[in-house]
Each structure stands twice: as structure tokens, then as C-alpha cells.
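Using this note's numbering, the first residue of the sequence shown is number 13, and each one after it goes up by one.
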Amino acid sequence: MSIHRATVSSNIDPEGEGRLQVSDPATGSTAWAARVFPIAAFVAQDVPIGAEVWIAYEGDDPAQPVVLGLVHAPSRRDALARDLEALGDAWDRGHAAGAIDADADGDGTGAGAASNPYR
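1. Quick one: measure Cβ to Cβ for A45 and V83, integer angstroms, because I've assumed they're closer than 8 Å.
2. With distance defined between alpha-carbon atoms, name the residue in S21, D36, P74 and L80 nearest to R47.
3. Please report the distance separating the alpha-carbon of S41 from that of S35.
4. Under the DSSP definition of a beta bridge, which residues are partnered with V79?
5. Look up R17 in the DSSP assignment and give the residues it is bridged to.
6. Measuring only the C-alpha atoms, how far is A52 from D72?
7. Which residue's Cα is closest to the Cα of T19: E27, W103, D25 and A43?
8. Determine the extent of the beta strand (DSSP E) in which D36 is found, giving its start and end residues.
9. So for I24, helix, strand or coil by DSSP?
10. How would you call I24, buried or exposed, if buried means at least 16 neighbouring beta carbons within 10 angstroms?
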């Protein structure tokens, strides 16, 4: 079994199975590929179109590619920015609901208001 470098051409599986459409320049083929999900990596993350991935073929059949992983690791900064945005949104929702450190009128701008540490 050989491993090929391919490019993701679509990340929206029409059958809803989480597959990626990949283009393999070595074989000239484009097909929907199942993905390997490592046990410790159940984090919701989309694989962007254009990302380079490693693929192999189930039973050496080019019609049955399997995405083994990314060629290049995703930026940790992207994940941090996403997490901080989610924390900022949660902070804002808490203050809109009248959190204890919001100001008297609840708009978060007056005396006693705590600034959002995530923005």
C-alpha cells in the first residue's frame, strides 16, 4: 500500500458521512474519501478546501480513498482565536442576562461594569 499526497476539493459530504472529496494528482482521480478519526482527536474541526492530506486506498482500489491525516498541522493560533471568540460570546450573553458584575442598567457600560476580558 502506498500513501499519496492529495488536495481537499470539498468538505461538504452530500451523504452526511463526514467524508472529504480529494483530488490525487498521482492518479488523476477525484473521489469521496472516508476519514480516520484518532481516538484522542474528537474535536470539531473542518478541513478547509485546498488543504493537503495524506490518503491511502482501501484494498488498493482508487475508488475507495481514505484520508489518513493532514500534511501540515493546523495553526494553533486559529484554534486559540476561535476559543477566545466563543468565550467572549459567552461573557456577552452572561452580561445580557444580568450577570452580577454587570452595571446597574445591564448594558455593561456604566459604573461597576466589568470589561469583557476576551475581547
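Don't be surprised by glycine CBs; every beta carbon is placed ideally from N, CA and C.
The structure displayed is predicted, hence computed values, not measured ones.
In short, the structure shows the following:
1. The pair is not a contact, with the Cβ atoms about 14 Å apart (cut-off 8 Å).
2. Among S21, D36, P74 and L80, the Cα nearest to that of R47 is on L80.
3. Roughly 6 Å between the two C-alpha positions.
4. In the DSSP output, where bridge partners are listed per residue, V79 has R47 and I67.
5. For R17, which the question treats as bridged, DSSP gives the partners W66.
6. Low confidence applies here, because A52 scores a pLDDT of 45, under 50, leaving its location unreliable and the question unanswered by this model.
7. A check of alpha carbon separations from T19 across E27, W103, D25 and A43 identifies A43 as the nearest.
8. That run of the beta strand (DSSP E) goes L32 to D36.
9. I24 falls in the coil class under three-state DSSP.
10. An exposed status is given to I24, since fewer than 16 other beta-carbon atoms sit within 10 Å of its beta-carbon.
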